[in-house]
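First up is the structure itself, then whatever we jot down about it.
In the numbering used here, the protein residues as written are 2 to 503.
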């Protein structure tokens with residue numbers, strides 16, 4: 002059984018994720034984003050908009066527009082397939098960087114306690130430490146990847162990372178700058194945050210070429226290559242933004258307001274940084290924390306397990322510093338993780354989906370950290386086990402939450418369909434005050450995107466409906482009076498139920 006699982010690990014993971022997600026309804030912006038079926042595709046869809054330039058999303062929407070019934074199933078399959086490929090590429094990259102699984106026995110642990118590492122992996126016994134396997138499992142099953150893996154519109158997030166990792170793999174394997182630039186460009190046109198991949202070439206060069214910073218001055222060819230890759234990165238960024246400005250004109254970097262607005266130096270930047278790395282590093286049950294009422298039991302358990310893991314990680318890090326082993330690759334990977342996260346840190350509001358690429362970089366950091374680390378093997382194993390138990394609890398809770406959310410959207414959509422008349426203009430007013438969190442728990446009104454979930458019933462044609470979101474009874478009354486004569490029908494959605502305004 003063990004050999005079967007090892008041999009078919011990626012296939013098993015693929016089938017597991019597909020089985021868990023195919024019955025979940027599209028939610029929120031899944032209904033209207035570019036990766037939804039687009040039966041009105043024009044070349045304009047390929048050009049940059051005010052905040053985004055994601056032509057591959059537009060092409061995907063056009064293709065699925067020829068067979069709308071495949072939505073969201075084909076989206077989910079592609080997202081999950083991309084996630085599996087990302088984990089596989091992470092494995093190949095770490096292998097190229099000489100990260101291997103190290104076997105340890107009781108004898109090895111005793112020698113570790115005396116300050117020595119047993120080097121012969123073939124002569125070790127029953128106790129096993131696998132830094133490479135840990136990194137793979139961490140990236141595959143971290144509870145922070147669920148927001149991406151469970152979202153049909155997450156193609157851009159997954160494939161932007163995919164081509165970024167593919168570029169790194171090809172560069173480490175062949176040191177071919179042209180291939181790396183092409184992969185980075187594809188990553189960028191999946192999602193704007195892909196621009197970071199071209200910017201980390203110098204860090205990859207350092208990690209791959211030298212063991213100590215002072216070695217750069219001994220081998221000038223390495224230093225020249227690093228400078229060259231840095232110049233290429235700068236030119237690439239200049240060309241990209243020149244193209245965006247030329248094609249769109251009065252372009253803004255991000256939105257002028259809302260969750261996509263950019264903030265380079267503000268308290269929000271610090272908050273986003275903490276949120277992203279806290280999610281990426283831990284198995285904290287964020288559903289238990291942010292969805293009311295707070296589930297203190299699950300929150301406490303996952304927090305405790307995450308703290309245990311954090312203690313072991315800190316112990317390993319201190320041990321690395323004391324023994325001065327593999328410090329340059331480790332710190333270079335940490336810097337790479339920070340750089341990869343920057344585009345999401347400067348957003349107005351970084352969501353849980355934006356943690357996805359950071360999880361992979363953190364997994365790589367742990368692979369370097371746990372490589373030949375001189376701490377108790379049993380303690381390290383306990384730390385690893387604790388984080389995976391936390392992932393299991395948090396992941397299960399998130400699945401339950403999104404299933405409940407999905408079912409409420411399905412029920413509301415059926416209710417809408419029974420009373421909707423496509424020949425009449427409709428205003429949908431959401432008066433639901435339910436607090437939500439990420440993709441897991443929102444109001445059913447938002448989950449249906451205020452009526453967009455009706456589109457599949459009408460061949461994905463544009464519907465004559467608009468929406469407003471109100472807070473409080475006074476604002477609701479004002480909205481109804483202002484729009485009473487503008488629309489044939491007005492619906493008010495509150496507590497996941499529809500009231501037709503007379």
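Just so you know, even glycine gets a beta-carbon here, dropped at the ideal spot from N, CA and C.
Do you know whose CA, among the options, lies nearest residue i's CA?
i: residue 280; options: 311, 12 and 296; result: 311
i: residue 20; options: 404, 301 and 2; result: 404
i: residue 133; options: 422, 478, 274 and 385; result: 385
i: residue 293; options: 230, 431 and 442; result: 442
i: residue 26; options: 200, 313, 440 and 11; result: 440
i: residue 354; options: 368, 152, 383 and 305; result: 152
i: residue 169; options: 249, 93 and 452; result: 93
i: residue 270; options: 315, 78, 330 and 339; result: 339
i: residue 498; options: 449, 481, 29 and 221; result: 449
i: residue 88; options: 396, 304 and 11; result: 11
i: residue 358; options: 190, 391, 308 and 165; result: 165
i: residue 466; options: 455, 201, 223 and 366; result: 455
i: residue 461; options: 35, 444 and 18; result: 35
i: residue 1; options: 295, 388 and 275; result: Limits of the chain in this structure are 2 at one end and 503 at the other, which puts residue 1 out of reach.
i: residue 473; options: 453, 31, 494 and 204; result: 494
i: residue 204; options: 173, 189, 188 and 501; result: 173
i: residue 229; options: 199, 397 and 268; result: 199
i: residue 389; options: 32, 191, 179 and 304; result: 304
i: residue 60; options: 45, 52 and 74; result: 45
i: residue 428; options: 480, 410 and 71; result: 480
i: residue 50; options: 306, 248, 16 and 331; result: 248
i: residue 157; options: 57, 141, 42 and 231; result: 57
i: residue 463; options: 141, 396 and 37; result: 37
Identify whether residue i lies in helix, strand or coil by the three-state DSSP scheme.
i: residue 334; result: helix
i: residue 491; result: strand
i: residue 440; result: coil
i: residue 502; result: coil
i: residue 115; result: Per-residue confidence for residue 115 stands at a pLDDT of 39, beneath the threshold of 50, marking its modelled position as unreliable; the derived number appears in the next sentence. Coil at residue 115, not helix or strand.
i: residue 292; result: coil
i: residue 483; result: helix
i: residue 199; result: helix
i: residue 233; result: helix
i: residue 463; result: coil
i: residue 121; result: Its pLDDT being 31, under 50, residue 121 is placed unreliably in this model, and the coordinates cannot settle the point.
i: residue 449; result: coil
i: residue 427; result: strand
i: residue 515; result: A query on residue 515 cannot be resolved here, the shown segment of the chain reaching from 2 to 503 and no further.
i: residue 68; result: coil
i: residue 432; result: coil
i: residue 2; result: coil
i: residue 284; result: coil
i: residue 55; result: coil
i: residue 101; result: coil
i: residue 7; result: helix
i: residue 23; result: coil
i: residue 421; result: coil
i: residue 456; result: helix
i: residue 175; result: helix
i: residue 496; result: coil
i: residue 268; result: helix
i: residue 192; result: coil
i: residue 393; result: helix
i: residue 473; result: coil
Measure the beta-carbon distance from residue i to residue j and round it to whole angstroms, keeping in mind my assumption that it falls under 8 Å.
i: residue 447; j: residue 431; result: 7 Å
i: residue 394; j: residue 286; result: 6 Å
i: residue 131; j: residue 102; result: 4 Å
i: residue 233; j: residue 178; result: 7 Å
i: residue 365; j: residue 95; result: 6 Å
i: residue 97; j: residue 167; result: Not confirmed; about 13 Å, so no contact.
i: residue 368; j: residue 307; result: Actually they do not touch by this definition, with Cβ atoms about 19 Å apart.
i: residue 433; j: residue 503; result: No, residue 433 and residue 503 are not in contact; Cβ-Cβ is about 20 Å, not under 8 Å.
- Could I get the ranges of all uninterrupted alpha helix (DSSP H) runs contained in the region 301–385, with 4 residues as the minimum, in chain order? 328–346 and 357–370
- Message: Tell me whether the region 315–322 and the region 397–414 touch, counting them as touching only if at least three CB pairs, one residue from each stretch, are closer than 8 Å.
- Response: With fewer than three CB-CB distances shorter than 8 Å, the region 315–322 does not count as touching the region 397–414.
- Query: For the 8 Å Cβ check, are there 3 or more pairs between the region 375–389 and the region 173–184?
  - Reply: no
- Entirely within the region 26–52 and at least 3 residues each: give me those beta strand (DSSP E) ranges in chain order. Here no run is fully enclosed.
- Within the chosen definition, does the region 234–243 reach the region 297–312 through at least 3 CB pairs nearer than 8 Å? no
- Counting pairs of Cβ atoms below 8 Å between the region 407–420 and the region 326–335, do you hit three or more? For the pair of segments examined, the region 407–420 was found not to touch the region 326–335: the number of CB pairs separated by less than 8 Å stays below three.
- Message: Restricting to runs no shorter than 4 residues, where is the alpha helix (DSSP H) found entirely within the region 127–154?
- Response: 132–142 and 147–150
- Message: Does the structure place the region 359–375 close enough to the region 139–152 that three or more beta carbon pairs sit under 8 Å?
- Response: yes
- Message: Assess contact between the region 60–80 and the region 334–348, defined as three or more Cβ pairs (one per stretch) separated by less than 8 Å. Is contact present?
- Response: Touching, no, given that fewer than three Cβ pairs across the two stretches are closer than 8 Å.
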